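3 is the number of the first residue of the sequence shown in my numbering; add one for each residue after it.
Note that CB positions come from ideal geometry on N, CA and C, so glycine has one too.
Just so it is clear, the structure is predicted and the values come from calculations on it, not from any experiment.
Here's the structure, in structure tokens; my notes come after.
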Amino acid sequence: MTVSETVSFPGTMTSLWRRAPLWRFSFMSAALLTLLFILFPPGEPPPDDYAKTLSATATYAPQAPASPSVADAGRSAPQTADLSLSTANNTENDAIKRETGLDAATLGRLFNGSVTVNGFKIPLTGDDWALLAAAKITSAKSSGVVYFLGTIVHKQLVKGLIITAVRTKPSVPDGGEKLNWAKQSALFKSPECASGEGAHVQSCWMIYDWFSSSWHKWADRSEKMNNIERAAAGNMDAKGILYPQDMVGVRFIRAEKWGLITAVYLFNPEVEKITSGTALSFVDSDWYVSNIHRHPDKLAYVERLKQWAASLWPQFKQSFDAGQ
């Protein structure tokens, strides 16, 4: 037996409208697009209000495009951005970079002539000096600061200066720190050193070898190194500043019960083309007190430093006395 069904088109549409949301959405979208096509046929400009809104919110002046090469056809040419920091004196900064090999903003402020540390005016030796590390120090008897400065030429440390300046605390009636250098293996000690060792009143200068190669281990906490050298070595490493295996130090010491200053001027012998053999430790260095006698050029270098130190010593003592 065959049963024939009569399908009602309106009924089918009603059923689809109720049961098929996707179909309903497609139908409404098609109707809306048809209406927009009728209202704004292709080729006609947008309404005036729309154009006025664009003009009020954005402006753009078309630029003539550069003629691309054959290799660049069909793609945008890369653009190079030229970024620079605005500085007060670009000529001076350029001169600093030519001399030191570092940007002025990276190197920081340079000092010359003298520098005041904890109220003491410390002489600087005719060059520009950069601050490489600084720290505060304190003990039961005194407090003060320590600085590490350096003269940099073409990313080379040609001179160093470690300044320690402390003052005795008012609550300490019997005087401040005492330095003992009896075990210091010096290449030379001034005659004043013998009488002041371990006393509150100290007046001395000496010359000794400085195995700066140990600075390369600044990141190794097991390596014995004072904090100011460790910080300066890390700073130099970060900036790409190089230094020799050996430097020669001239140390000035002045102390009274009320305060103390030490200033160690470090010199790079390689500046004068005086090189050293590779050494595993400071006792193997050509500059060590037991080895230097085999190197006439190094002995002559120390003699020149003696003359320099003797000429600066009166000025250093005067700076200490003036800082009381």
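Whole-angstrom C-beta distance between residue j and residue i, which should lie under 8 Å
i	j	result
asparagine 327	alanine 167	Not covered by the structure: residue 327. The range shown for the chain is 3 to 326.
leucine 163	leucine 151	4 Å
serine 192	cysteine 206	6 Å
alanine 257	glutamine 204	4 Å
glycine 177	histidine 218	Rounded, the Cβ-Cβ distance is 39 Å, inconsistent with contact.
phenylalanine 122	serine 321	6 Å
threonine 108	lysine 241	6 Å
isoleucine 255	leucine 181	6 Å
Residue(s) in a DSSP beta bridge with residue i
i	result
arginine 296	None, per the DSSP bridge assignment.
lysine 191	Met208
phenylalanine 213	Phenylalanine 213 pairs with nothing; no bridge assigned.
threonine 118	Lys123
alanine 137	Val148
alanine 132	Leu112 and Gly152
leucine 104	None, per the DSSP bridge assignment.
methionine 249	Trp212
Residue environment, residue i, which counts as buried when at least 16 other CB atoms sit within 10 Å
i	result
glycine 128	exposed
arginine 306	exposed
serine 292	exposed
asparagine 270	buried
aspartate 130	buried
leucine 282	exposed
glutamate 2	A query on residue 2 cannot be resolved here, the shown segment of the chain reaching from 3 to 326 and no further.
lysine 138	exposed
serine 116	exposed
glycine 110	exposed
glutamate 274	exposed
valine 148	buried
arginine 232	buried
leucine 85	For leucine 85, the pLDDT reaches just 30, beneath the cut-off of 50, and the residue's location in the model is therefore unreliable, although a value from the coordinates is still provided. Per the 10 Å Cβ criterion, exposed.
alanine 106	buried
serine 173	exposed
serine 313	exposed
alanine 311	buried
alanine 132	buried
Cβ pair residue i, residue j closer than 9 Å
i	j	result
serine 287	glutamine 247	yes
glutamate 101	histidine 156	yes
alanine 2	tyrosine 210	Because the chain in this structure spans residues 3 to 326, residue 2 falls outside the shown range and cannot be described.
glutamine 309	proline 125	no
tyrosine 243	isoleucine 165	It is isoleucine, not tyrosine, that sits at residue 243 in the sequence shown. Contact: no.
methionine 208	arginine 169	no
tyrosine 303	valine 266	no
tryptophan 315	lysine 300	no
leucine 112	asparagine 237	no
methionine 227	serine 215	no
tryptophan 2	aspartate 239	Since the displayed the chain opens at 3 and closes at 326, residue 2 lies outside it and no answer follows.
leucine 268	lysine 99	no
glycine 279	glycine 146	no
query = Which runs of the alpha helix (DSSP H), 4 residues or longer, sit entirely within the segment 252-325?
reply = 298-324
request  = Any chance you could list the beta strand (DSSP E) runs of at least 3 consecutive residues sitting entirely within the segment 145-186, in chain order?
outcome  = 158-170
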